[in-house]
Amino acid sequence: CNLCESIHAVLYAGEDTITVTWSLDRTAVPAGGDAAYEKVKVLLCYAPVSQKDRGWRKTDDLLKKDKTCQFTVVEQPYSGATASANVTYRIKRDVPTATYFVRAYALDGSDTQVAYGQTTDAKKTANLFDIVAITGRHASLDIAAGCFSAFSIAVLIFFFFIEKRKVKK
């Protein structure tokens, strides 16, 4: 696959979108070499800089154990060697802050990965982008915390007077 995307350097989870376009690199695959391709799965993948000291993001050559690409952008039927496809993806709110690249896998009928392409180079140092996770608090959370705090103080005062009344009797 030959990938390209139009994005800017820093994206915000839940707000920004990326547009990913992919097509078969006809110079790398001989005619008919894509006969086994049935689906294309596009994923957000952690760059090595975001994997350092984080075992839960670790790259492993055994694909079943590989944790590099944890966020699915799209999975759709393969449209053929002459076609290109694209998708605009709004970055989900649960995507953590990290540096990413995009990878596309070609899957066969049994969902086995038979080919891939990515937006970065072999060393995974070029064409990377940062995603900033959602930070801060929502107003509803502040309101709920205030209500529970006020309720706990009211209960504390209530039981204080109840105990004080029992001591007098």
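Going by full-length UniProt numbering, 151 is the number at position 151 of the sequence shown; the sequence numbering is gapless. For every residue, glycine included, the Cβ atom is placed at its ideal position computed from N, Cα and C.
| Item | Value |
| --- | --- |
| For a test of the three-state rule: what should DSSP assign to L63, helix, strand or coil? | coil |
| What first and last residue would you give for the alpha helix (DSSP H) that runs through S152? | A139 to K168 |
| Would you grab the beta carbon distance between D130 and A9 for me? Rounded to a whole angstrom, and I think it's under 8 angstroms. | 7 angstroms |
| Buried or exposed: where does Q76 fall if 16 or more other Cβ atoms within 10 Å of its Cβ makes it buried? | exposed |
| In terms of residues, what are the limits of the alpha helix (DSSP H) holding G96? | Correcting the residue type first, residue 96 is Pro in the shown sequence and not Gly. That residue, P96, is in no alpha helix (DSSP H); it is neither H nor E in DSSP. |
| Pull up the distance between the alpha-carbon of Y21 and that of K67, whole angstroms please. | Contrary to the premise, residue 21 reads as Thr rather than Tyr in this sequence. Going from the Cα of T21 to the Cα of K67 covers about 23 angstroms. |
| Could you check where the beta strand (DSSP E) with V29 kicks off and where it finishes? | Looking at the DSSP string, V29 is not in any beta strand (DSSP E), and its letter there is neither H nor E. |
| With 16 as the cutoff for other CB atoms within 10 Å, does I162 come out buried or exposed? | exposed |
| Whole angstroms are fine: how far does the CA of A145 sit from the CA of K41? | 42 angstroms |
| Does DSSP put L3 in a helix, a strand or coil? | For L3, the predicted model reports a pLDDT of 43, less than 50, meaning its position is unreliable; a value from the coordinates is still stated below. Reduced to three states, the DSSP call for L3 is strand. |
| Count the other CB atoms within 10 Å of the CB of L24; is the residue buried (16 or more) or exposed (fewer)? | buried |
| From S79 to K52, what does the alpha carbon distance come to, in whole angstroms? | 36 angstroms |
| Around the C-beta of V102, are 16 or more other C-beta atoms found within 10 angstroms, so that it is buried, or is it exposed? | buried |
| My output table needs one value for G117: the three-state DSSP class, helix, strand or coil. | strand |
| Can you have a look at S137 and say buried or exposed, based on whether 16 or more other CB atoms are within 10 angstroms of its CB? | Before going on, a small fix: residue 137 reads as Arg here, not Ser. Classification for R137: exposed. |
| Do you know offhand how far K92's Cα is from F151's? | 35 angstroms |
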